[in-house]
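For the sequence shown, this note's numbering assigns the number 12 to the initial residue and increments by one for each residue that follows. Beta carbons are placed, not taken as given, at the ideal position from N, Cα and C, and that holds for glycine. Since we're looking at a predicted model, the values are computed, not measured.
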Amino acid sequence: MTPGDDDDHNAFREALKAAGVRRLSVNRAAVGKPRRNDINADTRREAAEQAPPVVQSRLSDGGVEAVTPHQRLAFSIPDLPARTFAQLKRGQIGWEGGLDLHGYTLDEARLELESFIDDAIANRTRCVLVVHGKARGYRGSGADYPVLKSHVNAWLKNWSRVLAFCSASDIDGGTGALYVLLRTRADSKS
């Protein structure tokens, strides 16, 4: 070390002191509290209750939140890492299976979707694509909102096997489809 280096070092320390910079008392990063692996029903219910108010429907499930055809849907359980949800929304988690619900009645769609999700989890599939479409009403229902889209949105929020979902990128169906992130069989709760 040369005499000039010592002067620079002292000048640097003085500048830091004048700026109010203090030495950290702990030389370790605070990584936050450990992530919990158990997502209980109360936590899921709380997340679902934060959704907008519901409207009554004459269709199979009573009341659902009526969504618009071009509305982007997004939901995640509270404990899902924000980075994972952001990757899902950007379409960066590849989907491994898909289901197209066009042409199904509401009851058929629910049964088909539930069976599809069960099969995907049994096969340890992490992410799937569900195409619900954007059409208003269905087969003479007279509803003035996308019935299947609205119901799929409500169903997925209440299924413990679903960690998150969001509207797909345009190439995969846009607001007429969802990427659904599933709880793998290994981390499923009984």
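Who are residue i's beta bridge partners in DSSP?
i	result
D130	D130 is not bridged to any residue.
F96	Beta-bridge pairing links F96 to no other residue.
G191	The question names Gly, but residue 191 in the sequence shown is Val. Answer is V139 and F176, bridged to V191.
Return the residue from the list the options that minimises the CA-CA distance to residue i.
i	options	result
H113	W106, E123 and G31	E123
G185	P80, A93, R24 and A22	P80
W106	H162, C177 and L159	C177
V75	P89, N164, Y190 and I132	N164
I128	D90, R172 and A146	R172
S111	I88, K160, Q82 and R147	Per the sequence shown, residue 111 should be read as Asp rather than Ser. Of the candidates I88, K160, Q82 and R147, the one whose C-alpha sits nearest the C-alpha of D111 is K160.
Starting from residue i, follow the beta strand (DSSP E) in both directions and report where the run begins and ends.
i	result
V139	C138 to V142
Rounded to whole angstroms, what is the Cα-Cα separation between residue i and residue j?
i	j	result
S71	I104	Low per-residue confidence applies at S71: pLDDT is 43, beneath 50, and the placement is therefore not dependable enough to give any value.
L192	L99	8 Å
E125	W166	9 Å
R194	C138	9 Å
D19	K28	14 Å
Under 8 Å between C-beta atoms, does residue i make it to chain B?
i	result
L110	No chain B appears in the structure shown, which is made up of a single protein chain.
Which first and last residues belong to the alpha helix (DSSP H) in which residue i is found?
i	result
A165	V158 to N169
If you measure between the beta carbons of residue i and residue j, is that distance less than 8 Å?
i	j	result
V141	A93	no
A77	Y190	no
K168	F96	no
D183	G102	yes
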